[in-house]
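Accompanying notes for the structure given below.
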Amino acid sequence: MYIHAITSLIAPVLTPLSLLEKKYRWGERNHKIFSRFHKMQSASLFADETLPDLLSDLLQKLRAECDPGLFRQIRYVAWAHSLHATSPFDRMEELSTVFQTFFGDQEIEFFSATQASCASGLVSLKYLQAKMRAAQQNTLSENCGSENQASVCGVLITGEKCFHRTVQYVDQNGYFGEAFCATLVGMAPSPHSLHLRALHLQQLGAYGTRMRETDRESENAYDHAFLPVMTETIQKTLAGAGRKPEELSAVLPYHISPVTFDRLADRSGFSRDIVFRHNLYTLGHCFCSDAFLNIKSLLACGDNAVRARCILALASGVAGTFGAMVLESDNEDIP
Numbered sequence: 033m034y035i036h037a038i039t040s041l042i043a044p045v046l047t048p049l050s051l052l053e054k055k056y057r058w059g060e061r062n063h064k065i066f067s068r069f070h071k072m073q074s075a076s077l078f079a080d081e082t083l084p085d086l087l088s089d090l091l092q093k094l095r096a097e098c099d100p101g102l103f104r105q106i107r108y109v110a111w112a113h114s115l116h117a118t119s120p121f122d123r124m125e126e127l128s129t130v131f132q133t134f135f136g137d138q139e140i141e142f143f144s145a146t147q148a149s150c151a152s153g154l155v156s157l158k159y160l161q162a163k164m165r166a167a168q169q170n171t172l173s174e175n176c177g178s179e180n181q182a183s184v185c186g187v188l189i190t191g192e193k194c195f196h197r198t199v200q201y202v203d204q205n206g207y208f209g210e211a212f213c214a215t216l217v218g219m220a221p222s223p224h225s226l227h228l229r230a231l232h233l234q235q236l237g238a239y240g241t242r243m244r245e246t247d248r249e250s251e252n253a254y255d256h257a258f259l260p261v262m263t264e265t266i267q268k269t270l271a272g273a274g275r276k277p278e279e280l281s282a283v284l285p286y287h288i289s290p291v292t293f294d295r296l297a298d299r300s301g302f303s304r305d306i307v308f309r310h311n312l313y314t315l316g317h318c319f320c321s322d323a324f325l326n327i328k329s330l331l332a333c334g335d336n337a338v339r340a341r342c343i344l345a346l347a348s349g350v351a352g353t354f355g356a357m358v359l360e361s362d363n364e365d366i367p
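So this note's numbering is basically just the index in the sequence shown, starting at one, shifted up by 32.
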């Protein structure tokens, strides 16, 4: 599978840490940890816009930026949720016509993926890959030409609102942000596309209840298990891609507990210097969007073009979910 393009929607003015402290009242200890230890600075927040309005703006921007030929090939749309909710796809009767008209296809399929917390974006990629692969096989059975066999595309939507205490900040670890991505994927390459070489997901089922309840003993056990399991996830993903840690050109973190990625670098065998920190301190943890925001930002940084050759992107969810993917570019010039 290939990532053709990523459209992002980030607040035009970021909310500084000082205002976040007043808004959330997270206390002096958290503020010292966020500002001095984690070096966090700001977050992307849309104070007045509703979630449906933001999704509409994102899709309008996708259409404006997308290659028209690829846009016409979109057959599947999935929205990855960190939270256990299905909105807006629970309102399909009123939204189906809107989306079908927007994409110009009465047969387009919509999905809402959750249960993997902030790793649900990678789960959704696997699901889109399965749907597009099945569509390819159907065209093969119908004896279609090879050009049509690879003509189906999908869109992954990521991003949510910080509407409740549980999705505003995490004691000592960081805070959330509102930034959205529409990631266009397909089964055939296009100019400047990234090839998804490997994607691996793991889950510690014992911590599946952390979305609704937890206790100190469970939290301590999770903290103890986290680094070994994430390291194992990285190792299995690299093995699936046929790559070694020293071959990586960039590692894309998710935006929580920045020091974690130095520790993962030391455990996994890649350099701390290749951790891409462009958004790590400024946007907040934007739920399932972090990996895709960072892919887009990495490719847009001219100084880092050579580093985009082999990318490891990470995701982790509060309910014991761990994910990683390896992306590669064969392009000599990366825009």
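Quick reminder that beta carbons are idealized off the backbone N, C-alpha and C, glycines included. Computed from a prediction, not measured in an experiment: that's the story for all the values here.
Assumed close pair residue i, residue j - CB separation to whole angstroms, cut-off 8 Å
i    : j    : result
L259 : R295 : 6 Å
A110 : S156 : 5 Å
L346 : Y286 : 6 Å
L330 : A273 : That belief does not hold up - the Cβ atoms of L330 and A273 are roughly 17 Å apart, past 8 Å.
S40  : C213 : 5 Å
M164 : G218 : 7 Å
A351 : G240 : 5 Å
H113 : G206 : Actually they do not touch by this definition, with Cβ atoms about 19 Å apart.
Y34  : P223 : Actually they do not touch by this definition, with Cβ atoms about 11 Å apart.
A323 : G153 : 6 Å
L359 : N326 : Between N326 and L359 the Cβ distance is about 11 Å, and since that is not below 8 Å, they are no contact.
L231 : T269 : 7 Å
R299 : T263 : 5 Å
Reduced DSSP secondary structure (H/G/I, E/B, other) of residue i
i    : result
P260 : helix
L280 : coil
A166 : helix
Q267 : helix
S348 : strand
A42  : The question names Ala, but residue 42 in the sequence shown is Ile. DSSP places I42 in strand when its eight states are reduced to three.
R107 : strand
L91  : helix
L315 : coil
C333 : coil
Inter-residue spacing [alpha-carbon to alpha-carbon] between residue i and residue j
i    : j    : result
N180 : T171 : Because N180 sits at a pLDDT of 49, beneath the cut-off of 50, its placement in the model cannot be relied upon, and the following sentence gives the value as read from the coordinates. Computed Cα separation, rounded: 7 Å.
T215 : V187 : 5 Å
K328 : I42  : 12 Å
C185 : A37  : 11 Å
K193 : L344 : 26 Å
Q234 : R244 : 20 Å
Beta-bridge partners of residue i, as assigned by DSSP
i    : result
P100 : Paired residue(s): none; P100 is not in a bridge.
Q235 : T353
Y201 : Y207
L34  : Note that residue 34 corresponds to Tyr in the displayed sequence, not to Leu. G218 and H227.
T47  : A75
L188 : A110 and T215
How about the stretch 276 to 288 and the stretch 249 to 263: do they share at least three Cβ pairs that are nearer than 8 Å? no
Can you confirm whether the stretch 296 to 304 touches the stretch 54 to 67 when touching is taken to mean that 3 or more C-beta pairs between the two stretches lie within less than 8 Å? no
Just checking, does the stretch 195 to 202 make contact with the stretch 92 to 112 on the three C-beta pairs under 8 Å criterion? no
I want to know whether the stretch 67 to 75 touches the stretch 304 to 318 - three or more CB-CB distances under 8 Å. Judged by Cβ distances under 8 Å, the stretch 67 to 75 makes contact with the stretch 304 to 318, as three or more pairs qualify.
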